[in-house]
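> Handing you a structure now.
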Amino acid sequence: MPMLLPLLLAATPFPAPAPVTLENCARAACTTAADVRVGKCLAPNVESVDLMVVDRPTERRVLWATSNHLGEVTDFSVQQADLDGDGSNELIVASLMSESNGMAIRSWDVSIVDGKEDVALHVVAHDLGADLLKGQTLLVTEWSWVGLEKENALFFIGREYAYRSGNLIPTKSPVLRRRYTNEFEKERLAAFEKSTDRLLPGRAFLSHPSTTKGADDPPKSFKLGTIKAVTRDEPEYEVHAEDEKGQLVAFSSDGEGGPVVRLGDFKSKRLFPLRYWPKDLEGALLGHFVSMGLSSEGQPTGVMFVQEK
């Protein structure tokens, strides 16, 4: 029995966050399981930023900048799983950032906190599912307009990733796409009504018979370059690449400093999730060769497939 105790504690689920009073927070909420506390802290003034904070035993702390939706603090969830098989559970922390007008697409700040190191990676997901975990892989979803022969159509897209050493690794699972139809709209609205934590069943949505399986559709032309600089202003960052002609091209995660950067894996030609931020942003990008996608007019699209050194 004594050997079972750590295993049971590691699997303890995190309850729904509850409001608390924390120093230097305008408003805050926390959830705790097995001596691990995860909290959301809204900035006390305009000079500060909203934060997610993970406190673990022996004064181990991981924190990062986030965004809030309409001043809410309890709109986050925490799951845990040993994603990399090293015997320590990673934390998957999802915090609601925004909800769009019209379709009410929910954008989530999703962070994976490593089980052994005090580091985290970050992505943005749309209509995140409580069912995002399947074994040791994660299904990260987004909405995107896709050009068809006669029209543009809205699709719900899911890509499966593994987690290793603070980075996401594309799996061999196909890219899943489901077109938004009247039937899908009714199904999604029904899920809205059932959800108590604003999470939606993304994996279940993509198990529908109309879902297609394929690969990412990269830009038709590229130009080669090398990443020369990475600047950060959390939670945003900019990437500066030099093309073969020696010209510098700037990209940014929010579109303010150039085309919106969309990182991808060069070997698999698989896109990473929106606003992908690996644990070591500079180490993952600086000095790496990249293939930069171009539009039909020859302008950078923001898609950037990064080669390993």
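Numbering (the working numbering), first residue to last: 6 to 314.
Where is the CB? At the ideal position from N, CA and C, for every residue including glycine.
Going by C-alpha to C-alpha distance, which of 68, 269, 277 sits closest to residue 123?
68
> Over the uninterrupted beta strand (DSSP E) stretch that includes residue 130, give me the two end residues.
125–131
> For residue 66, which option in 119, 218, 257, 143 has the closest C-alpha, if you only look at C-alpha atoms?
119
> Rounded to whole angstroms, what's the CA-CA distance from residue 282 to residue 128? Just pull it up for me.
6 Å
> Quick one, which of 147, 183, 314, 303 has its alpha-carbon nearest residue 288's?
The candidate whose alpha carbon is nearest that of residue 288 is 314.
> Bridge partners of residue 172, per DSSP?
169
> Starting from residue 314, trace the beta strand (DSSP E) in both directions and tell me its first and last residue.
Following the DSSP letters along the chain, one finds residue 314 in no beta strand (DSSP E), marked with neither H nor E.
> Under a three-way DSSP split, which group does residue 23 fall into?
strand
> Rounded to whole angstroms, how far is the Cβ of residue 5 from the Cβ of residue 113, which I believe are closer than 8 Å?
The chain is shown from 6 up to 314; residue 5 falls before or after that span and cannot be answered.
> Residues in its own chain within less than 8 Å of residue 33 by CB, not counting five upstream and five downstream?
24, 25, 26, 27, 44, 45, 46, 47, 78
> Going by DSSP, what residues sit across from residue 104 in a beta bridge?
111
> Measuring CB to CB, does residue 211 end up less than 7 Å from residue 184?
Going by C-beta atoms, residue 211 is not nearer than 7 Å to residue 184.
> Note the first and the last residue of the continuous alpha helix (DSSP H) segment covering residue 207.
207–210
> Within the continuous beta strand (DSSP E) that includes residue 288, where are the two ends?
Note, residue 288: premise wrong, no beta strand (DSSP E); alpha helix (DSSP H) at 286–290.
> Could you pull the start and end residues of the alpha helix (DSSP H) that residue 189 belongs to?
Counting along the chain, the alpha helix (DSSP H) containing residue 189 begins and ends at 187–199.
> Per DSSP, residue 116 forms a beta bridge with which residues?
Answer by DSSP bridge pairing, in chain order: 98, 127.
> Inspect the beta-carbon positions of residue 101 and residue 74 and report whether they are closer than 7 Å.
yes
> Measure the C-alpha to C-alpha separation of residue 49 and residue 152 and round it to an integer number of angstroms.
44 Å
> Can you give me the C-alpha to C-alpha distance between residue 11 and residue 93, rounded to a whole angstrom?
With a pLDDT of only 42 at residue 11, under the threshold of 50, the placement of this residue in the model should not be trusted, and no figure is reported.
> Let me check understanding here. Comparing Cα to Cα, which of 278, 239, 233, 247 lies closest to residue 167?
278
> Keeping to the same chain, check which residues put their C-beta closer than 6 Å to that of residue 61; ignore five residues upstream and five downstream.
41
> Report yes if the C-beta distance between residue 246 and residue 235 is below 7 Å; otherwise report no.
no
> Short check: CB of residue 82 to CB of residue 222, under 7 Å?
no
> Grab me the residues of residue 219's own chain with a C-beta within less than 8 Å of its C-beta, minus the 5 sequence neighbours each way, in chain order.
Within the same chain, 179, 180, 182 come within 8 Å of residue 219 by CB-CB distance, once the 5 residues on both sides are set aside.
> Determine the closest residue to residue 144 out of 107, 161, 157, with distance taken between C-alpha atoms.
Taking only the C-alpha atoms, the option nearest residue 144 is 161.
> Quick one: what does DSSP say residue 13 is sitting in, helix, strand or coil?
Low per-residue confidence applies at residue 13: pLDDT is 37, beneath 50, and the placement is therefore not dependable, though the value from the model is reported in the following sentence. In the structure shown, residue 13 sits in a helix (DSSP, three-state: H, G or I).
> Roughly how many angstroms lie between the CA atoms of residue 103 and residue 117, to the nearest whole one?
CA-CA distance, residue 103 to residue 117, rounds to 19 Å.
> For residue 224, which residues from the same chain have a beta carbon less than 8 Å from its beta carbon, with the 5 sequence-adjacent residues on both sides left out?
298, 299, 300, 306, 308
> To the nearest whole angstrom, what separates the beta carbons of residue 311 and residue 268, a pair I think is in contact under 8 Å?
6 Å
> Relative to the C-alpha of residue 273, which candidate in 205, 174, 208, 213 has its C-alpha closest?
The shortest C-alpha separation from residue 273 is found at 174.
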